[in-house]
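>
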Amino acid sequence: MGIQQIEVYPVTLAYREPFRIAPGASTESHNVIVKMVTDYGVYGWGEASPSERVTGETAETVIKAVDKIAPKLIGMFPLRIEQIVEVMDKLVAGNPSAKAAIDIALHDVFGKTARKELHRVLGGYRTEVLTDVTLSIKTPREMAKDAVKAVKRGFKALKVKVGVNPQEDVERVKLIREAVGDDVQIRIDANQGWTPKQAIQALNKMAKYNVQFAEQPVPAEDLKGLIEVKRNSPIPVMADESVHSPEDAIRLVKAEAVDLINIKLMKSGGIHKARKIAAIAEAAGIPCMIGCMGESEIGIAAGAHLAAAVRNIQYADLDSDLLLKDKLVKRGGTKVKKSMRVFPKIYGLGIRELDTAKLGKPLKTYKQ
Ligand SMILES: [Mg+2]
Numbered sequence: 353m354g355i356q357q358i359e360v361y362p363v364t365l366a367y368r369e370p371f372r373i374a375p376g377a378s379t380e381s382h383n384v385i386v387k388m389v390t391d392y393g394v395y396g397w398g399e400a401s402p403s404e405r406v407t408g409e410t411a412e413t414v415i416k417a418v419d420k421i422a423p424k425l426i427g428m429f430p431l432r433i434e435q436i437v438e439v440m441d442k443l444v445a446g447n448p449s450a451k452a453a454i455d456i457a458l459h460d461v462f463g464k465t466a467r468k469e470l471h472r473v474l475g476g477y478r479t480e481v482l483t484d485v486t487l488s489i490k491t492p493r494e495m496a497k498d499a500v501k502a503v504k505r506g507f508k509a510l511k512v513k514v515g516v517n518p519q520e521d522v523e524r525v526k527l528i529r530e531a532v533g534d535d536v537q538i539r540i541d542a543n544q545g546w547t548p549k550q551a552i553q554a555l556n557k558m559a560k561y562n563v564q565f566a567e568q569p570v571p572a573e574d575l576k577g578l579i580e581v582k583r584n585s586p587i588p589v590m591a592d593e594s595v596h597s598p599e600d601a602i603r604l605v606k607a608e609a610v611d612l613i614n615i616k617l618m619k620s621g622g623i624h625k626a627r628k629i630a631a632i633a634e635a636a637g638i639p640c641m642i643g644c645m646g647e648s649e650i651g652i653a654a655g656a657h658l659a660a661a662v663r664n665i666q667y668a669d670l671d672s673d674l675l676l677k678d679k680l681v682k683r684g685g686t687k688v689k690k691s692m693r694v695f696p697k698i699y700g701l702g703i704r705e706l707d708t709a710k711l712g713k714p715l716k717t718y719k720q
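In this text, residue positions in the sequence shown follow the numbering used here: the first is 353, and each later residue adds one.
Next comes the structure, spelled out in structure tokens:
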């Protein structure tokens with residue numbers, strides 16, 4: 353029983369509207385889909401959604417990395433995930449979203465081989481996952497309108513993008529809180545946009561609007577700044593861009609730099625290492641969130657299954673498939689009902705059928 357064939361499909365998926373965060377705006381997501389075919393009738397889907405800004409990757413580098421890795425995996429038993437991760441790391445340094453695409457496809461195969469939904473074989477802690485929806489940066493007034501629309505659609509948690517101008521950012525949170533009332537969770541993400549001083553001032557002003565936590569207030573590499581913000585913020589501080597790997601998680605735990613960690617499969621290299629980050633954080637008393645880049649329904653399903661499986665992944669920001677206009681999955685995937693990611697009774701990731709016109713023909717096929 354082994355991996356027989358690996359197919360690689362680059363796809364371009366358009367956002368519904370330009371998605372703006374502190375470092376810039378995107379109009380489309382350039383992702384790479386991987387299909388992993390075994391010789392025993394089971395196949396799995398995986399996805400890379402590379403971010404040049406966060407991991408230095410593009411669709412082109414993902415394709416290049418997979419080109420190094422895929423030929424070596426042909427013939428390997430697909431459930432030896434720990435061993436395959438080791439092979440990948442020896443062949444190519446970094447490139448976490450390329451590795452995530454392979455890792456996710458392996459986990460889809462794992463669930464399908466076990467004939468269970470993936471979250472049930474990964475730990476099975478919960479059966480649905482509360483996700484927020486992200487409000488892209490606009491004027492405070494426009495964002496308050498978007499917040500009301502999101503709450504009308506059923507969302508119980510909002511992730512508010514900030515990090516542009518601290519004073520205006522406080523105004524964003526104020527107007528949104530006033531518009532949606534007290535029952536909606538509000539979390540913010542500055543995407544490295546503030547200095548430590550700006551962060552401390554802004555967070556102290558925002559605290560009265562009941563902000564659940566603040567993601568990546570300062571630049572990723574500014575560990576000192578992160579510690580300073582954490583010590584002086586009334587709002588819990590979450591690392592995102594500062595933590596990619598289990599090694600990063602240990603470093604921040606030792607430095608007592610954050611209250612929370614945002615795990616993303618595209619930073620960690622997939623589910624296998626994401627679980628290690630969650631375990632390190634759990635042992636340190638640090639709850640985690642699972643976030644996303646620009647994944648379609650495939651990558652989002654992977655994140656949602658992991659979040660359902662693992663107790664310490666207490667928050668989810670799994671909404672990129674909703675922000676994308678283009679849909680890759682025709683049947684299956686995780687739907688959102690009243691802010692909850694719910695799972696179909698389909699094995700593995702739960703992807704039943706892809707839109708073959710959107711997917712196109714494989715750019716590369718690796719086989720024996
Ligand atoms: Mg973030």
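Every residue, glycine too, gets a C-beta built ideally from N, C-alpha and C. Computed from a prediction, not measured in an experiment: that's the story for all the values here.
What residues in its chain sit with their C-beta under 8 Å from that of Ile579, if we drop five residues either side in the sequence?
The residue labelled residue 579 in the question sits at position 227 within the sequence shown. Only Ala607, Glu608 and Ala609 meet the Cβ criterion.
> Is any heavy atom of ligand 1 found at a distance shorter than 6 Å from the C-beta of Glu530?
On the sequence shown, position 178 is the one that residue 530 refers to. In terms of side-chain proximity, the C-beta atom of Glu530 is found no nearer than 6 Å to any non-hydrogen atom of ligand 1.
> Which residues mark the beginning and the end of the alpha helix (DSSP H) in which Asn562 is found?
On the sequence shown, position 210 is the one that residue 562 refers to. That residue, Asn562, is in no alpha helix (DSSP H); it is neither H nor E in DSSP.
> Return helix, strand or coil for Ile373, following the three-state DSSP convention.
Within the sequence shown, numbered from 1, the residue matching residue 373 stands at position 21. It is a strand residue.
> Using C-beta distances below 8 Å, list every residue in its chain close to Glu480, excluding the 5 sequence neighbours before and after it, in chain order.
As a working note, residue 480 is residue 128 in the sequence shown. Closer than 8 Å at Cβ, skipping near neighbours: Ala660, Met692, Arg693, Val694 and Phe695.
> Does Thr486 come out as helix, strand or coil in the three-state DSSP assignment?
Residue mapping note: residue 486 aligns to position 134 of the sequence shown, counting from 1. Looking at Thr486 - three-state DSSP - the assignment turns out to be strand.
> Please identify the residue among Ala631, Pro430 and Ala417 whose C-alpha is closest to the C-alpha of Lys442.
Translated into positions along the sequence shown, residue 442 becomes position 90. Ranking Ala631, Pro430 and Ala417 by Cα distance to Lys442 puts Ala417 first.
> Which residue marks the beginning of the alpha helix (DSSP H) containing Asn584, and which one marks its end?
Sequence index remark: in the sequence shown, residue 584 carries index 232 (1-based). Asn584 -> alpha helix (DSSP H) spans Leu575 to Asn584.
> Give me the residue from Lys576, Glu567 and Asn556 with the minimum Cα distance to Asn584.
Here residue 584 refers to the residue found at position 232 when the sequence shown is read from its first residue. Taking only the C-alpha atoms, the option nearest Asn584 is Asn556.
> With DSSP as the reference, please indicate the residues paired to Gln357 in a beta bridge.
Against the sequence shown, residue 357 aligns to sequence position 5. For Gln357, which the question treats as bridged, DSSP gives the partners Val389 and Lys719.
> Could you give the C-beta distance for Leu612 and Met641, rounded to a whole number, given that I count them as a contact under 8 Å?
Here the question's residue 612 lines up with position 260 in the sequence shown. Here the question's residue 641 lines up with position 289 in the sequence shown. Yes, they are in contact, since the Cβ atoms of Leu612 and Met641 sit about 7 Å apart, within 8 Å.
> Only counting runs of 3 or more residues, tell me where the beta strand (DSSP E) segments fall wholly within the segment 465-521, in order along the chain.
List check, beta strand (DSSP E) in window: 480-482, 485-487 and 509-513.
> Listed by chain order, which residues have C-beta atoms less than 5 Å from any heavy atom of ligand 2?
As for ligand 2, it is missing from this structure, which binds only ligand 1.
> Is the CB-CB distance between Glu520 and Val406 below 7 Å?
Walking along the sequence shown from the start, residue 520 turns up at place 168. Walking along the sequence shown from the start, residue 406 turns up at place 54. It is not a contact, given that the beta carbons lie outside the stated cut-off.
> Measure from the alpha carbon of Ala502 to the alpha carbon of each residue in Ile698, Leu487 and Lys549, then state which is nearest.
Taking the first residue of the sequence shown as 1, we reach residue 502 at position 150. Selected option, being the one with the closest Cα: Leu487.
> Would you kindly work out how many angstroms separate the C-alpha atoms of Leu617 and Gly643, rounded to a whole number?
Within the sequence shown, numbered from 1, the residue matching residue 617 stands at position 265. Within the sequence shown, numbered from 1, the residue matching residue 643 stands at position 291. So the two alpha carbons sit approximately 8 Å from each other.
> Any idea if Thr465 is buried or exposed, counting beta-carbon neighbours within 10 angstroms, 16 or more meaning buried?
Here residue 465 refers to the residue found at position 113 of the sequence shown. That one is buried.
> Any chance the segment 448-461 sits against the segment 377-396, with 3 or more Cβ pairs inside 8 Å?
yes
> Over the uninterrupted beta strand (DSSP E) stretch that includes Gly398, give me the two end residues.
Indexing the sequence shown from 1 puts residue 398 at position 46. First-last of the beta strand (DSSP E) with Gly398: Tyr395 to Ala400.
> Counting pairs of Cβ atoms below 8 Å between the segment 422-439 and the segment 671-684, do you hit three or more?
no
> Quick check on Asn323: buried or exposed, where buried means 16 or more other Cβ atoms within 10 Å of its Cβ?
Outside the modelled stretch of the chain, which goes from 353 to 720, sits residue 323, for which no answer is possible.
> If you drop the 5 nearest sequence neighbours on each side, which residues of the same chain put their C-beta closer than 7 Å to that of Met353?
Translated into the one-based positions of the sequence shown, residue 353 becomes position 1. Here the set comprises Thr390, Asp391, Tyr392 and Phe429.
> CB-CB under 8 Å to Val444, same chain, minus the five flanking residues each way: which ones, in chain order?
For the purposes of this step, residue 444 is identified with residue 92 of the sequence shown, where counting begins at 1. For Val444, where only same-chain residues beyond five positions count, the Cβ hits under 8 Å are Ala417, Lys420, Ile421, Ala450 and Lys451.
> Name the DSSP beta bridge partners of Ala660, please?
Mapped onto the sequence shown, residue 660 falls at position 308. Ala660 is not bridged to any residue.
> Looking at C-beta atoms only, is the number of pairs between the segment 508-518 and the segment 540-559 that lie closer than 8 Å three or more?
They touch, by the three-pair rule.
> Pull up the DSSP beta-bridge partners for Asn383, would you.
Along the sequence shown, read from residue 1 onward, the residue named residue 383 stands at position 31. Asn383 has Val363 as its beta-bridge partners, per DSSP.
> Hey, Tyr361 and Pro714: beta-carbon distance below 7 Å or not?
Looking up residue 361 in the sequence shown gives position 9. Looking up residue 714 in the sequence shown gives position 362. Annotated as proximal: Tyr361 and Pro714, with beta-carbon spacing under 7 Å.
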